[in-house]
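Number of protein chains: 2
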Amino acid sequence: MTKVFASLGVSLDGFVAGPNARPGNPLGDGGTRIHRWMYDVGAWRERLGMSGGTTNVSGEVVEANFARAGAYVMGRRMFDEGEAGWPDPPPFRAPVFVVTHTPREPWARQGGTTFTFVTEGIEHALALAGAAAGDKDVQIAGGADTVRQFLNAGLVDDLEIHLAPLVLGGGVRLFDGVDTDLELEPDRVVDAREVTHVRYRVIR
Amino acid sequence: MTKVFASLGVSLDGFVAGPNARPGNPLGDGGTRIHRWMYDVGAWRERLGMSGGTTNVSGEVVEANFARAGAYVMGRRMFDEGEAGWPDPPPFRAPVFVVTHTPREPWARQGGTTFTFVTEGIEHALALAGAAAGDKDVQIAGGADTVRQFLNAGLVDDLEIHLAPLVLGGGVRLFDGVDTDLELEPDRVVDAREVTHVRYRVIR
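Sequence order for the protein chains is A and B.
Each residue of the first sequence is one higher than the last, beginning at 16 in this note's numbering.
Each residue of the second sequence is one higher than the last, beginning at 16 in this note's numbering.
In structure tokens:
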């Protein structure tokens, strides 16, 4: 049974990106600090076409998430911000469905990543991703606004945060606008020193 | 060597209290949800003069924090909000130094808790608490604004959050106004199912 999950880096004060996130500055001012635990992780570097890096529990978390994701759903803003920056092949290596109001032809990249633009809303995008994922799961890749929409629609099975031990002070908050009746239960906690990975099961 | 620590319950969206916190509603609207993991914990119930309750890893965390605290520093607002609600004896069982602009005679309660009102600022309150703590540590009890002042003054050695798996949607944020150059390192993570206890060491 295909599950739907999200997995996001977040600062202690709740930000997934700093202020002024836009194409060319996709994580916003200071936002790379949220992900600094990841940049030297071998499993992440490998997805960017780089060799070497660290083998540690954070790498296992990264690798397991990539392995379970058979398809992705992404918001239009995240796509716009990432489009120029992702290498070819992009790190996804699976179909990506971009929720947008602007029709566009599918954009095939190397390595198995094809971006398909879906104008019929989040549920349709999820249905397409579910069909594409096969036996694997669907990852709601982001950004925060898209994850919020899926959470509020009751469409997420588990939500993982990578809690970075820093204060960003401003930017895009993950949980702003998330329904306060969301019920979560910690499902797996990984203490990786430089970051704390907490995965929550969404209770229906 | 006396250390200075803080330990606060916080929602996933970063709130230590809901909206409208005031005397009679000390945790704000919905704020009791942040601490619901604690209410049945035996070590907490014992501090409120109640018997029974659960013995679990969260209880060990609660008990260890009470055990290491030889004195407390508290903000005036937290005192005002808590004054009517704490039982006698209050849960602290140690000297409490309240940072305030309003002079008041010390208020001795049963069980070793005396509230002393300090009008000379946070550093003076900390000096008094440090002297009173003996071989034990000093806990900055709260609220958020007082913890922020101590963090920004570089006076905190470790900060523990009890991350509750829920979205509060509004209220008092723990990290608003905390300097973004604060450097933390996770020091101990306790996965207690209904809450995640993460203790950070402040890096000078």
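Beta carbons are placed, not taken as given, at the ideal position from N, Cα and C, and that holds for glycine.
| query | When you compare only the Cα positions, how much space is there between A/K18 and B/H177? | reply | Distance between the alpha carbons of A/K18 and B/H177 is about 28 Å.
| task | Under 8 Å between beta-carbons, which chain B residues line up against A/L220? List them in chain order, please. | result | Given that chain A is displayed from residue 16 to residue 219, the structure contains no residue 220 of chain A and the question cannot be resolved.
| request: Could you spell out the range, first to last residue, of the beta strand (DSSP E) harbouring A/V173? | output: In the sequence on display, residue 173 of chain A carries Asp and not Val. It spans D173 to A179 - the beta strand (DSSP E) in which A/D173 sits, taken as one unbroken run.
| From the DSSP output, which residues share a beta bridge with A/Q154? | In the DSSP assignment, A/Q154 forms a beta bridge with A/F20 and A/Y87.
| request: Along the beta strand (DSSP E) that carries A/V56, what are the first and last residues, could you check? | output: Where A/V56 is concerned, there is no enclosing beta strand (DSSP E), because DSSP gives it neither an H nor an E.
| query | If the cut is a Cβ gap below 8 Å, which residues of chain B does A/R208 touch? | reply | Residues of chain B passing the Cβ test: E200 and P201.
| request: Identify every run of the beta strand (DSSP E) within the segment 65–128 of chain B, keeping only runs that are complete inside it and at least 3 residues long; order them along the chain. | output: The segment 65–128 of chain B contains these whole beta strand (DSSP E) runs: 84–90 and 111–114.
| request: Rank A/M53, A/T129 and A/M16 by C-alpha distance to the C-alpha of A/V25 and give the top, closest one. | output: When A/M53, A/T129 and A/M16 are compared, the shortest CA-CA separation from A/V25 is found for A/M53.
| request: Determine the burial state of B/Q125: buried for a count of at least 16 other Cβ atoms within 10 Å of its Cβ, exposed for fewer. | output: Label assigned to B/Q125: exposed.
| message | Buried or exposed, going by whether 16 or more other CB atoms sit within 10 Å of the CB of B/A144? | response | The residue is buried, with at least 16 neighbouring Cβ atoms inside 10 Å.
| If we ignore side chains and look at the alpha-carbon of each, how far apart do B/D44 and B/D103 end up? | C-alpha separation (whole angstroms): 25 Å.
| request: Find the residues of chain A that neighbour B/L23, judging by a C-beta separation of less than 8 Å, and give them in chain order. | output: By Cβ distance, chain A contributes nothing, its closest Cβ being about 12 Å from B/L23, past 8 Å.
| request: Would you tell me roughly how many angstroms separate the C-alpha atoms of B/T129 and B/P110, rounded to the nearest one? | output: Roughly 5 Å separates the two Cα atoms.
| message | Could you check whether the segment 147–160 of chain B touches the segment 201–211 of chain A, counting it as contact only if at least three pairs of C-beta atoms, one from each stretch, sit closer than 8 Å? | response | The segment 147–160 of chain B, when compared against the segment 201–211 of chain A, does not touch it at the 8 Å Cβ threshold.
| field | Test: A/D28 CB closer than 7 Å to a CB of chain B | value | It does; some Cβ of chain B falls within 7 Å.
| query | On the three-state DSSP scale, how would you describe B/F165? | reply | Helix.
| task | Return the residues of the segment 157–176 of chain B that lie within a Cβ-Cβ distance of less than 7 Å from chain A, sorted by chain order. | result | Correct list: empty, as no residue qualifies.
| query | What three-state label does DSSP hand A/L141 in the structure shown? | reply | Correct three-state label for A/L141: helix.
| In chain B, which residues lie with their C-beta within 9 Å of the C-beta of A/P211? | Per the sequence shown, residue 211 of chain A should be read as Thr rather than Pro. Taking the beta carbon of A/T211 as reference, the chain B residues within 9 Å of it are L178, P201, V204, T211 and V213, listed in sequence order.
| query | Relative to the C-alpha of A/W101, which residue among A/A148, A/T211, A/V162 and A/L42 is closest? | reply | Residue A/L42 is the option with its Cα nearest to A/W101.
| Are the beta-carbon atoms belonging to B/V133 and B/L166 less than 7 Å from one another? | No, these two residues do not count as a Cβ contact at 7 Å.
| query | Near A/G67, what residues of its chain come up, given a Cβ to Cβ distance below 6 Å and the 5 sequence neighbours on each side ignored? | reply | No residues qualify anywhere along the chain.
| task | Tell me whether B/A82 is buried or exposed, calling it buried when 16 or more other Cβ atoms sit within 10 Å of its Cβ. | result | Exposed: under 16 other Cβ atoms inside 10 Å.
| Could you check where the beta strand (DSSP E) with A/E200 kicks off and where it finishes? | It spans E198 to D206 - the beta strand (DSSP E) in which A/E200 sits, taken as one unbroken run.
| query | Given that a residue counts as buried once 16 or more other Cβ atoms are within 10 Å of its Cβ, and exposed if not, what is A/P105? | reply | Result: buried.
| request: Would you mind telling me which residues of chain B sit closer than 7 Å to A/F190, beta carbon to beta carbon, in chain order? | output: L27, D28 and V182, listed in chain order.
| Apart from the five residues on each side of it in sequence, which residues of its chain come closer than 7 Å, Cβ to Cβ, to B/H139? | Cβ within range, chain order: V133.
| said: Please list the terminal residues of the continuous beta strand (DSSP E) segment that includes A/F30. | reply: F30 to A32 is the extent of the beta strand (DSSP E) around A/F30.
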